[in-house]
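From first to last, the protein sequence lines stand for chains A and B. Quick note: the first sequence uses numbering that gives the first Met the number 0, first residue 0, plus one each step. Quick note: the second sequence uses numbering that gives the first Met the number 0, first residue 0, plus one each step. Reviewing the structure listed below.
Number of protein chains: 2
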Amino acid sequence: MIEPLLLKLAARDRVLEEERQVLASSAGRVREVGGREDLVRPGDRPTESCLIVEGVAARYRLFETGRRQITEFHLAGDFVDLHSFLLKVMDHGVVTLSRCRVVYVPHERLRDITERHPHLTRLLWLSTLIDGAIHREWLAGAGRRNAASQMAHLICELFTRLEVVHLTRGTAFRFPVTQAELGDALGLSTVHTNRTLQELRAEGLITWRGDEIKIEDLDRLRAVAEFDPAYLHIYREPR
Amino acid sequence: MIEPLLLKLAARDRVLEEERQVLASSAGRVREVGGREDLVRPGDRPTESCLIVEGVAARYRLFETGRRQITEFHLAGDFVDLHSFLLKVMDHGVVTLSRCRVVYVPHERLRDITERHPHLTRLLWLSTLIDGAIHREWLAGAGRRNAASQMAHLICELFTRLEVVHLTRGTAFRFPVTQAELGDALGLSTVHTNRTLQELRAEGLITWRGDEIKIEDLDRLRAVAEFDPAYLHIYREPR
DNA sequence: CGAGGTCTTGAAGACGATCAACAAACGTGG
DNA sequence: CCACGTTTGTTGATCGTCTTCAAGACCTCG
C-alpha cells in the first residue's frame, strides 16, 4: 500500500527494512475518494495524516473573492498533510482532482516514529523540505517567468516526479486536471491557460489529449522552462 | 546568542530548559557579515547551518537572464539554512540585506539533536514547515493578488513575525531593504514597486522612510492585504 | 438525446513592464 | 566638512501580457 512512498524516499536515501516495516505498520485506514473532494479543509485539526497511494490531489489556498491558488500538485507517494502533524491547524486545504486511493497515518504513530526512529524521521522531514523547495520554485516561476515558461516548467516537474514513482511511459503520463485547475496552479485565467497550452502544442513541445500528456521534445521543453531538477533533490545520499 | 530562536520556538510550544541548553551548546562560530553578502550560494554543500541573530537576509533563486526572485525574508531568530542539513545540496541562495550577526550550527550537532531530542527535533522541523507555509502564502499572493495587496500583505507578515522576536515599537519596525529588493520579493519591477508604495502611502496605510516602516492604519492594511496570520502558526501547543 | 461541464475563440481593457531621464540621498576621500 | 560619484528613489510615456466578458463548439454521461 505504501510502495509509492517507499519509492520516493528510496530515491533520496537507503531505507532500511526495519524502517519499511515501521512505515507499513503505521498505515491505518484506507479510503477511496472521488474526484473534487476535500481531503482536508482550511481550519481543520486532523488527528491523522493522509498519504496518496493513487490519483492526483492539489494543495490550495482560497480567497474571499472565491479565487483559488493551487500551491502544489500531489501524486502517488505524496504524504499530503504530513504538515498537520506539527502545524496542528490547517492553514490551507487539499482537494482530490481525480479519484484517489489514500491511506491515513494517525499522528500518534508519526509521533512514535519521531521518538524512536531518528533516521526515518529525517526522511519524513526531508520530504516536507522538498515540498518547500517545490513551493520556492513555483514562486520563482510566478514572479519571474512568463505563462509559457511556467507551464513548461510544471510539465517538466510532473514528469520528473512521476518517473520516481514509475508512473511514466516513455515521455508520456496521465494527468487528469482541467484547464481551469491548471490555471489555478499557474496563477492564470482559464482563457490564458488555454492559449498558452495551444502555444506549447503549436511549438511541437507537447500533446495533451484528455488525461494524457505527452512530451514531444523534452530538450526544448526544458529549455523553454529553464528546468533544472536540482530542487527535487533526487539523489541517494545518507541523510 | 540564540535568544531570538528561542523566542520563535517558545511562541509555538514550551521549550524545556534542557532543550535550551542543547541548542545553546550546539551554537558554533559567530560571524558578523556585511550587507549584500552571500551566506550560502546555490550548489553549495554546507556542513553547518546558519542562524540569524541580528539583521535581515533573503532566500533567493536566480535566473539565467539575471532576474532574481526572493522567496522569503529572514529575520532575527530564523534558521536560514536549516534546510541544508537534510537537502545536502543548496538549490537556492541566501544573501544578507543588511549587516547581520549569524551563528553557525554544525550539521553533526543537528544530527545529534535528531538522535537524542525528539521534541526539539519536532520544533526544528516545525520551523521549516512554517517556512513552507510562508512560501505558500507568497505563492498565493503572486498568483492571485494585485501589487498593492501583495505589498500590504508582506508588511503585515513582517510586522507579525517581528513582534514574536520583540523587534517592533508600536506599529513601527526597522526593515532595511531597497525598493529593487522589495520588487524581487514581490515579483514586480522596481518602478512598479515604487508606485505601489506611493499608493499605500497616499492611502494613509503606511509610512516608509529610510529603514523605518510605520503602519499607520493596521486594520485597513490588513483588509487590503486580506491578511490572516493563521499560516504563521503563532500559538503555543504541544507539538 | 439532452444538459452540464469543458474547451476554444474574439474583442476590449487593465495591470504591470520597460525605457529613459532626473532628483535625492548616501558614503567616501580629500 | 565639503565635493563628487554612486546608489536609490521618483516620474512620464509607451508597450505587452494577461484578464475579463461573452459566446459558441465540443464532449461526456445520465
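We treat Cβ as the ideally placed atom computed from N, Cα and C, and that holds for glycine. Computed from a predicted structure; not experimentally measured.
Residue range of the unbroken alpha helix (DSSP H) whose run includes residue i
i, result
"Glu198/B", "Thr189 to Ala201"
"Phe84/A", "Ser83 to Leu86"
"Phe158/A", "Ala146 to Val163"
"Thr127/A", "Pro117 to Arg143"
"Leu4/B", "Glu2 to Ala9"
"Ser25/B", "Glu16 to Ser25"
"Gly182/B", "Gln178 to Leu185"
Distance between residue j and residue i (C-alpha atoms, nearest Å)
i, j, result
"Phe172/B", "Glu53/A", "48 Å"
"Glu215/A", "Leu204/A", "5 Å"
"Glu18/A", "Tyr103/A", "18 Å"
"Ala26/B", "Ala9/B", "18 Å"
"Asp227/B", "Glu63/A", "11 Å"
"Phe158/B", "Gln68/B", "21 Å"
"Glu202/B", "Gly142/A", "25 Å"
"His232/B", "Lys7/B", "11 Å"
"Phe174/A", "Glu211/A", "6 Å"
"Arg58/B", "Arg58/A", "23 Å"
"Asp37/B", "Asp183/B", "16 Å"
"Leu5/A", "Gln197/B", "52 Å"
"Glu162/A", "Leu187/A", "27 Å"
"Arg144/A", "Asp218/B", "33 Å"
"Ala151/A", "Thr206/A", "12 Å"
"Gln20/B", "Gln20/A", "35 Å"
Beta-carbon spacing of residue i, residue j below 8 Å
i, j, result
"Arg35/A", "Val94/A", "yes"
"Ser97/A", "Phe78/A", "no"
"Ala146/B", "Thr195/B", "yes"
"Leu220/B", "Cys155/B", "yes"
"Lys87/A", "Arg30/A", "no"
"Met89/A", "Gly131/A", "no"
"Leu153/A", "Ala75/A", "no"
"Val55/A", "His82/A", "no"
"Thr120/B", "Ile129/B", "no"
"Pro105/B", "Thr46/B", "yes"
Exposure label - residue i; buried when at least 16 CB within 10 Å
i, result
"Pro80/A", "The sequence given here has Asp at residue 80/A, not Pro. The residue is buried, with at least 16 neighbouring Cβ atoms inside 10 Å."
"Ala224/A", "buried"
"Gly169/A", "exposed"
"Arg13/A", "exposed"
"Gly209/A", "exposed"
"Tyr230/B", "buried"
"Ser24/A", "exposed"
"Lys213/A", "exposed"
"Thr127/B", "buried"
"Glu180/A", "buried"
"Leu15/A", "exposed"
"Ala222/B", "exposed"
"Thr192/B", "buried"
Integer-rounded CB distance, given that residue j should sit under 8 Å from residue i
i, j, result
"Val164/A", "Pro3/A", "5 Å"
"Trp137/A", "Thr70/A", "7 Å"
"Leu22/A", "Ile1/A", "6 Å"
"His91/A", "Arg66/A", "Contact doesn't hold; Cβ gap of about 14 Å is too wide."
"Leu109/B", "Phe84/B", "5 Å"
"Arg11/B", "Arg238/B", "7 Å"
"Glu114/A", "Pro117/B", "5 Å"
"Gln149/A", "Leu185/A", "5 Å"
"Cys99/B", "Val32/B", "5 Å"
"Arg235/A", "His134/B", "Actually they are not in contact, since the Cβ atoms of Arg235/A and His134/B sit about 26 Å apart, beyond 8 Å."
The beta strand (DSSP E) enclosing residue i, as first and last residue numbers
i, result
"Arg58/B", "Ala56 to Leu61"
"Ala229/B", "Neither: Ala229/B is in no beta strand (DSSP E) and is coded neither H nor E."
"Phe172/A", "Ala171 to Arg173"
"Val101/B", "Cys99 to Pro105"
"Thr95/B", "Gly92 to Thr95"
"Thr206/B", "Ile205 to Arg208"
"Phe72/B", "Arg67 to His73"
"Asp37/A", "Asp37 to Val39"
"Val32/A", "Val29 to Val32"
"Glu53/A", "Glu47 to Glu53"
"Glu211/B", "Glu211 to Ile214"
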